[in-house]
Structures are given as C-alpha cells and as structure tokens.
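What follows is a single structure, written as structure tokens, with notes after it.
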Amino acid sequence: MKKYGSFVAVDDCTLNIEDGTFVTLLGPSGCGKTTVLRSIAGFFPIDRGEIKIGKTIVASADRGILLPPEKRNVGMVFQSYAVWPHMNVFDNIAYPLRLRGVTKREIKRQVFETLDLLQLTGQEYKTPAQLSGGQQQRVALGRAVIMQPQVLLLDEPLSNLDAQLRESMRFELKQLQRHIGITIVYVTHDQEEAMALSDKIVVMREGKIQQIGTPRDIYDKPSNHFVAKFLGNTNFLPVRIREHRKNSIILSVDGTKHTMHLNHWKSDCGEFQSGDRIVIGFRYHDVNLTDRIETKNEIHDALLPGTCKVPGRIEAATFMGDSMLYQIDIFGHKIISQNSPSNRYEAGLPVQVTIDSVFLFKEKEKSLQLSNYSTDPTVSPPG
Amino acid sequence: MKKAINIDTYILLPIFLLILGTLFIYPLSRLFFLALQHNGERVFTNIGIVFTEASNLKALKNTIVLGLSTSALASAIGFLLSWLIVRTDLGMKRIFEVLLVLPFFIPPFITAFAWIRLLGRGGYLNTLLCSLFGLDNPPFNIYGFWGVLLVSVIYTYPYAYIIISRSIRNVDASFEEAARCSGATRWQALRDIALPVILPAVTATALIIFVTTISMFGIPMILGTPGRFIVLTTRIYGYVGSFRDPNGINIAAAMSLVLVTVAVLGLIMQNFLIRKEKYAVVTGKHQAAEASSLGILRFPVTIIVAVFTLLVVAAPISAIFVTSIMKALGLSISPENITAAHYVRVLTGMPIIVRAFRNSFLLALSAPTVLVLIAVVLHFAQRHLEMPGAGSIGTFLSTPYAIPGTVIAVMMIAAFIQPIFGVSIYNTIWILFIAYILRFAVFPIRTIGAAWKQLDPALEEVARVSGAKKYHMLRDISVPLLKGGISAGWLLAFMPCLTELTLSILLYSPRNETIGVTAYNLIQEGLVTVAGALAMIIIFVVFILQLFTRSGSRNRYLRGT
C-alpha cells in the first residue's frame, strides 16, 4: 500500500496505490507525471505532504524526513535504460546485490535466475553496446527487479523502441508484473500503452490529477473535457441547455437555430441547469450514419424524441482499411464518424446521423476537486 | 554529365596530389634522406649518434620524463577543477570558468617569460618572498626542469579541464540515478559508475598533453636551456644551427624522426583507447547530474581555487604588465618609475618589430585563406565530384598537426635548402608560408568537413533540381551555408599563425621575422622591459581575437576548442 501526498508548485495530488497493481500516470509533456515518479524514487524533495511506501514514511515535509534513493528499496527503469556501458550484462544486473554484500555464489544464482526470467540467458557476458534496444531494456528491468523492490518505477521505458518491439515489450512487461506480483508505477504519454498495461490509470494535466480509474472507466466515462480528448477520438460541440427534464435534455447548438434532443447521456459534476453553456462530447465510433432523403422538414426531424438524431451532410470520405472515416457537417459544425467500412457513403450525400453515448462537460475545463473523487470517480447517469 | 565529372577530376586530382607531394611527401622523404646521410654516405651513423651520445640520450630521457610528468599533473589538475566546477557547489564558478582556461590562449613562450619575471633572479615573487621571510637568496629558480614543468603544466591544464569537464557534463544523470536506486550511495555511484565512464576521456587527454609537451619548443628553450635542461626539440634546434658540425642537419633530421615516432606512438595509443571504449550517451532526455555539496569544505576549497587562479592567471599577466611599464629593471614599483615609453618604442621606434608585425599578419591572413580554399575544393571534390582519394588526401594533409613543429621545420629545411628548378624559397618568407600551410591545414579541413557533413544534402540537391550547375550550387548554396565551418576553420588557423614561434624560429631569415621570433629574441637578449611591452601587446591582441570568436559568434565549431 502506498500513500502519497500533495506537494509543491507543480502538483497537488493524492494517490493510493494498492499492492501488486499496475498504475500508470498518463498525461501530456509537462503535466508533472515524471516529477511524481522521481519524488517517489527520492530524486525530488517534496514541499508539502508525505510519501509512504508500505509502512515506511520515505518523505515528509512536515517532519523533515527525506530518505535518499538508495534507502528506499525502489527499483527504477529509465527512458534511456541507463545500462552501464563499462559493465557487461551480468555485472549490471548483479550490482544491486554486490552493494548489499550478497555472496558471490548467491549473486550468480540470482542473476542467472533473473536472466532466465527476462529471457536474456546467454547474453550475460555481452556489453551493452552489443545489445539491441529491447535487450538493454530487459537488462535495466532485471537490474531493477533483482533486489526485490517494494515498488518498480518505469519512466516512459518503451518510447525509444520501434512500434513492433514496443507492442511485444508491452506484453512481456505485463506478464512479468503478473508473474512476480510487483507493484508498478508507470509513466507515459501514450494512451494506447496506458490502456493496454494498466490496472488503474491516473490522468494528469498541468500538475493536477484529472481522473483516476480503470482503463474502461476512463474511456467510457471521462470526467472532463480534457480526459475525453486525451483518451480516444472525440468530437466536441459547444451547446446550451434549452430544457432540462428528468429523462431528456434539449440542447441548442451554438451559433445556430438548431437543437439536439438527448435522452441518454453521461456527465459528472452535479446537475446542469437550463440556460447553462456546456460542451458535449461523443466518440468517433459512436456516430452512426443512415440514409436520409432531404425534405423540407429537416428541423422537424431533429425534434422527434428518441436517441440523438441529427441531419447532416458528408463532406469527405476516407477509406482507412479497417474503417471508414467520414467528415460530416451538422449545423455548420464539423464532426467525424469512424466506423465499419461496409457502409459506403460519398461526399456530398445527406445522411441521418445517430449519436450514441454523449458526454456532458462543463464548458470550462476544470480539474477535479479533492473532495470529488476517491478511487472510483465514475458517476451514473441521472435518471 | 558524366564527361564533365571526369574532366574536373582529371584536373583536380593531380593538383591535389601535387600539393600533397610538395608540401608533405617530398619534405618527409627528404627528412629520411638527410637522416641517413653522414659525410655524404648512406649510413645509419646519425641514428647511432642519436642513441649513443650522452647528451642526446639525456635529451631523450628528459623529453619523456617531462612529457609524462606534465601529462600526469595537468590531467590531475584538469580533472580536479572539472569535477569541482561541474559537480559541486563551488563558489564563484562563473568567474573560475572564464579565468581558468586563459593560460591556454597565451602563447607559451610568453608565459615562460612571465614566469621569469615572477620567479627569475629578480622576479617579483622571489623578491616578495625574500622580503617577507628575510631571505638572502631568492628561494625559487625558474630555470631548469622544475621551471619547465611548472610552465608546461600551466599551459596544458586548461586543455585537460576543457575536455574532461565536457566529458563529465555528458555523463547522463540516469547512470548514477540507476545506481542510487540499486542501493548505491552518492559516493559509490560516483566511484563505480561515473568515474569509469569518464576514464577514457581522461586517458585520451593525458596522451594528447604528452604529445603536446614533447613537441614544445618555446618553454624548454627559454626556461630549460639556461638551467641545463635540454629536450629533443631544443637539441634539434642546436644541431640545426650548429656551424661546427657539417652533419648537424643530418643528425637533426635523425633526431626529428625519433621525436616524431614517439609522438605518433602516443597518438596511436590515444586513438586505440578512444575506439576501444565507446561510451556514447544513449539517446533519451539528457539531464545533468545534480551538484553535490562540499559542505563545510566549501569555503576553504573556494579560497584554494581562488589562490590558484591568482597565481596561475593573474600573476603572470600582471608581471608582464608591470615589467612593461617600468622605466628600468630593478627599480621599485612606484609611480615615478612608471612609463609608457616602451610601448611607444615597440609600436613605432623599432623597425624590426614593425616588420615582424607586417610579416606575421601577412602570413596569418593569407595562409588560412589559402587553406580554406583548399579545404572547400577538396571536400567539394569528395562530395560532389566523386574524386577518388579525396578523403585520404584530406587525412594526409591533417596529419602534420600531430608532428612536432620542430620536425616540420626541419622537414622544410631538408626539402628547400636546395633550390628546386632554380628557385630557392629557403631564405624567403615563402618557406614559412608553406610550413604554416602544412601545419595548420587540419583546422579548415576538419571544420569544413564537419560542417558539410551536417548539412542536409537536400539543400544542395534542390539547387541542382532547380537548374544550377555544380559550381553554381557551390557558389550560391553550399559556401554560404558553410559559413560557420569556414570562419571557424579560418580563425582556428589564424591565431596560431599570428603568434607561433616553433616554426618561425627555425625558418626565419633577416627581414622575415615574425612576431613570435621578435618577442623571443627580445627576451633572450635581455631587453626585458621592451619584451614586456611587446608581450603585453600580443596578449592584448590574442584576447581581443578570443573575445570576438567566442562570445560574439554563435559558431558551434569554435565552441569545441
């Protein structure tokens, strides 16, 4: 169990990480995720709050405690791997044990065990210059896990690998974590990576936590505009609430006379009032198209109750291989639909756009208040 | 199209081979030839003399001892300073960083002169110590091995500092951080990880300093010879100038071969070391390691470094300055004894100095220009004309820099002492010109080569596609884009051309003196105050040039030096 407190200029966050879980800090560059990681490792002092690993307080601003990295028993894998060039693979991995005064025989046994775990058997006497990026990566991992740390920290370790290698290493990492049951804190800006690897994702932005949840939770129920934009492909429309009833909302689209009718949506942060300006978001793949015949009653159609249906016109159609990408004009705004390539529409055609699964967000992007979330920040749709 | 390339290559290649031949191959072969001649016969007598005559053996021993001890001391000092400045919280870092490298930019023979004024018989430091401690005789004698060692170390430690501090800065912080996570304390991480990684740079530096030291002439000549400490360069000088021994030049040639062999051996070892351990930093975000705290030692250590800086940087320059404004030697330092007369005399009243300035500037302005031309054409031929052997020619022309200046001078003498096709350049300024071309070719060739390599080939290709012929492309696109490398190469060659001594002392002739030679002669003749004024002017010129090239320009090719 690890508790972690609010701290200086860059950040302000509270995190509880459970034993044996794979937690990812996800966010754009400069959001503070690496700072958090390095504070856990002990390279960064904290100005407020405290960090606890297990039962030990490793850093506390109030009590003036700051344990140096070598005393924290925290393993770390760096983006550049930092495999020592003047030592061979064996010595690199053995170093933590050597420092702890383990006997030569025992070192040999453990190192070979680790080599086997990471599929590096046979490479032990090579120097890093003779290894590929993926192999160096594994040496760095082996060096970190051999001392059986309480927590393993990984700072964008896959970003220097090519795409294919990245995928296979992802898989191996997850396997490894399951196999030895270690707690992992992982930092990345790649949302695909985060979703593939994590038990829990912590989305961060400009030093503040935006949302914490399982990959599914975060994808299906993003808590704010930023999270919806950062994970997954999302369309956004600025709207105003015309009427807010128990089971439906009528929205007027900004800058037009048109309205959209919702009877199913997801939102957080309390209720919205009529007259509120908000932003709605919906995924590319939740935008479905059917034929439409242009009539003079277009506006009339939009007012019919049912799932959100709006008239639109296709601006561009792009074949992506595994999907069909459409750029559609609705009410003068552009949205994108991405779905199965079996339906083929051409540019210029009028279509009926059906939108499933709409998120409602406050207009100004706000990070979540501390009181608003715990380990499960999802909210159920009203009504 | 293809025909055009061939024609150009057929013209250019012979020209380059001719240049290489006359400048380098022919003189080198003449050196061998002379070395093997004794009394007109082809024998190995000269080599024998080199290795058996007592004073020659002593010179050899002295050279190696000097080289090793200078190298060890300068590297140690350079390492210590590097570590203190890059990795600790030493005080006044900014000031130290600027001041501590200065000795490298002052011509070494001038530094030697400065230290005579400090620790020579009537030197200021000696006098100060005498009066402080009530001594009868000055405690320090600058002449001899220790003086040579002192000034050699002062001249070379900045080089060690520059290289080693860069190496320390390049060690990715993550190396040591990974060690810390593995359980190493800060010190253990330093010992086990950081130090081994910078070791190749330190060793390479030590070797280069060794080679530089054994090639030096000015310092051993001015400080060593009066104290009966002779090295190979000064011995060669003696043999060349000896009128009594008709085989003088031959023995000098043989000794030059020995000297160049030692130098080349040193450089081969250095190359071998560099290649063996490639500790390039892996790609990724590079962060500098955090500075460790000196704690309670911070203040005393800062003071020590400050005293060192004062002694090594401020004291010599001050000594020269004071000397240059004294009415006469031996007078006490007080306002009524100050004069600017020496400066006036140097700048206006001594035709030999005026001539020397003219000669040196002529050489320093023309040689680099010719070299830049050669370098541009050579690299152009290599990159765009597919001239075979262009790379090798470039390498060949760069190697003379590794050859001790004295040896190059002897090569020049060996080659041009006799008229070629009725033309003799021996007692003209041209022999110096050629020597400079040969010696400093490395700078433009290297900087322009590096600059061109960094140039995106697409920029030139676009020109061709737009319709430019190769030469138009060169004129309109390549050369303007290479401005940085060109000016860097030019300046790097310009500065030593202006102030150097080692070549000109052996190759000058009446009316063809250089600044270096004139200053040296003034020093040796004991015209101390005038020498001081001239030295001060030289230092001033050098500093202005340095300021101009360093701070003003954003030229990355100069930053490395």
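From first to last, the protein sequence lines stand for chains A and B.
Numbering-wise (this note's numbering), the first sequence opens with residue 10 and increments by one.
Numbering-wise (this note's numbering), the second sequence opens with residue 550 and increments by one.
Ideal Cβ placement from N, Cα and C applies to all residues, glycine included.
Can you tell me whether DSSP reads residue i as helix, strand or coil?
| i | result |
| --- | --- |
| residue 550 of chain B | A caution first: residue 550 of chain B carries a pLDDT of 46, below 50, which makes its placement in the model unreliable, though a value can still be read off. Coil. |
| residue 359 of chain A | strand |
| residue 84 of chain A | strand |
| residue 821 of chain B | helix |
| residue 93 of chain A | coil |
| residue 23 of chain A | coil |
| residue 868 of chain B | helix |
| residue 247 of chain A | strand |
| residue 796 of chain B | coil |
| residue 28 of chain A | coil |
| residue 558 of chain B | helix |
| residue 290 of chain A | strand |
| residue 876 of chain B | coil |
| residue 974 of chain B | coil |
| residue 261 of chain A | strand |
What does the alpha-carbon distance come out to for the pair residue i and residue j?
| i | j | result |
| --- | --- | --- |
| residue 625 of chain B | residue 97 of chain A | 28 Å |
| residue 231 of chain A | residue 196 of chain A | 20 Å |
| residue 236 of chain A | residue 70 of chain A | 31 Å |
| residue 318 of chain A | residue 363 of chain A | 5 Å |
| residue 580 of chain B | residue 984 of chain B | 14 Å |
| residue 637 of chain B | residue 82 of chain A | 26 Å |
| residue 842 of chain B | residue 149 of chain A | 29 Å |
| residue 52 of chain A | residue 39 of chain A | 17 Å |
| residue 933 of chain B | residue 745 of chain B | 42 Å |
| residue 188 of chain A | residue 352 of chain A | 44 Å |
| residue 1092 of chain B | residue 193 of chain A | 57 Å |
| residue 585 of chain B | residue 801 of chain B | 11 Å |
| residue 215 of chain A | residue 916 of chain B | 58 Å |
| residue 690 of chain B | residue 135 of chain A | 55 Å |
| residue 260 of chain A | residue 252 of chain A | 7 Å |
| residue 1089 of chain B | residue 84 of chain A | 56 Å |
| residue 575 of chain B | residue 566 of chain B | 11 Å |
| residue 343 of chain A | residue 336 of chain A | 7 Å |
| residue 880 of chain B | residue 611 of chain B | 37 Å |
| residue 299 of chain A | residue 354 of chain A | 9 Å |
| residue 1054 of chain B | residue 1045 of chain B | 14 Å |
| residue 1037 of chain B | residue 795 of chain B | 44 Å |
| residue 1057 of chain B | residue 1035 of chain B | 29 Å |
| residue 1021 of chain B | residue 1015 of chain B | 11 Å |
| residue 1040 of chain B | residue 1094 of chain B | 9 Å |
Please list the partners that residue i has in chain A, where partner means a Cβ-to-Cβ separation under 9 Å.
| i | result |
| --- | --- |
| residue 737 of chain B | 79 and 108 |
What residues of chain B sit near residue i, judged by a beta carbon separation below 7 Å?
| i | result |
| --- | --- |
| residue 52 of chain A | 726 |
| residue 84 of chain A | 730 |
| residue 198 of chain A | Here the premise fails: no neighbours, minimum Cβ distance about 13 Å. |
| residue 270 of chain A | The premise fails here: residue 270 of chain A is roughly 50 Å from chain B at the closest Cβ pair, so nothing lies under 7 Å. |
Output, in chain order, the set of chain B residues within a Cβ distance shorter than 9 Å of residue i.
| i | result |
| --- | --- |
| residue 225 of chain A | Chain B residues near residue 225 of chain A: none, gap ~32 Å exceeds 9 Å. |
| residue 134 of chain A | Under the 9 Å cutoff, chain B gives no residues; its nearest Cβ is about 16 Å from residue 134 of chain A. |
| residue 99 of chain A | Per Cβ cutoff of 9 Å: no residues; residue 99 of chain A is ~14 Å from chain B at best. |
Kindly examine the ligand SAM and report whether one of its heavy atoms sits closer than 8 Å to the Cβ of residue i.
| i | result |
| --- | --- |
| residue 274 of chain A | The ligand SAM is absent from the structure shown, which contains no ligands of any kind. |
Name the chain B residues whose beta carbon is nearer than 8 Å to that of residue i?
| i | result |
| --- | --- |
| residue 156 of chain A | 731 and 732 |
| residue 91 of chain A | 721, 723, 724, 726, 727 and 831 |
| residue 5 of chain A | Given a span of 10 to 392 for chain A in the structure shown, any question on residue 5 of chain A remains unanswerable. |
Exercise. Between the region 701–734 of chain B and chain A, which residues of the former have CB atoms less than 8 Å from a CB of the latter, in chain order?
Worked result: Of all residues in the region 701–734 of chain B, only 721, 723, 724, 726, 727, 728, 729, 730, 731, 732, 733 and 734 place a beta-carbon less than 8 Å from a beta-carbon of chain A.
Members of the region 741–775 of chain B near chain A, C-beta cut-off 7 Å: Residues 742, 745 and 746.
To test your reading of the DSSP string, which unbroken alpha helix (DSSP H) runs of 4 or more residues are found completely within the region 883–929 of chain B? If you keep only unbroken alpha helix (DSSP H) runs of at least 4 residues inside the region 883–929 of chain B, you get 890–893.
(message) At 3 residues or longer, what runs of the beta strand (DSSP E) sit wholly inside the region 174–222 of chain A?
(response) For the region 174–222 of chain A, the continuous beta strand (DSSP E) assignments of 3+ residues that do not extend past its boundaries occur at 192–197, 209–214 and 217–222, in sequence order.
*Which ranges would you report for the alpha helix (DSSP H) in the region 41–76 of chain A if only whole runs of at least 4 residues count?*
If only complete runs of 4 or more residues are kept, the region 41–76 of chain A shows the alpha helix (DSSP H) at 42–50, in order along the chain.
- Could you tell me which uninterrupted alpha helix (DSSP H) segments, each at least 4 residues in length, are contained entirely in the region 709–794 of chain B, listed from first to last along the chain? With a minimum length of 4 residues, the continuous alpha helix (DSSP H) runs that stay inside the region 709–794 of chain B are 722–730, 735–738, 744–764 and 781–790.
Check distances from the C-beta atoms of the region 233–245 of chain A to those of chain B and list, in chain order, the residues that come in under 9 Å.
-> Residues: none.
Practice item. Would you mind listing the alpha helix (DSSP H) stretches within the region 928–955 of chain B that are 4+ residues and don't spill past its ends, in chain order? Key: Restricting attention to alpha helix (DSSP H) runs no shorter than 4 residues, the region 928–955 of chain B encloses them at 939–947, ordered along the chain.
| task | Write down every uninterrupted run of the beta strand (DSSP E) in the region 319–349 of chain A whose length is 3 residues or greater and which is fully enclosed by it, in chain order. | result | Within the region 319–349 of chain A, the complete beta strand (DSSP E) segments of 3 residues or longer fall at 333–339 and 342–348, listed in chain order.
query: Whole alpha helix (DSSP H) runs in the region 1056–1082 of chain B with 4 or more residues, listed along the chain?
result: Runs of the alpha helix (DSSP H) inside the region 1056–1082 of chain B: 1064–1073.
Which whole runs of the alpha helix (DSSP H) in the region 558–597 of chain B are 4 residues long or more, in chain order? Whole alpha helix (DSSP H) segments, 4+ residues: 575–584.
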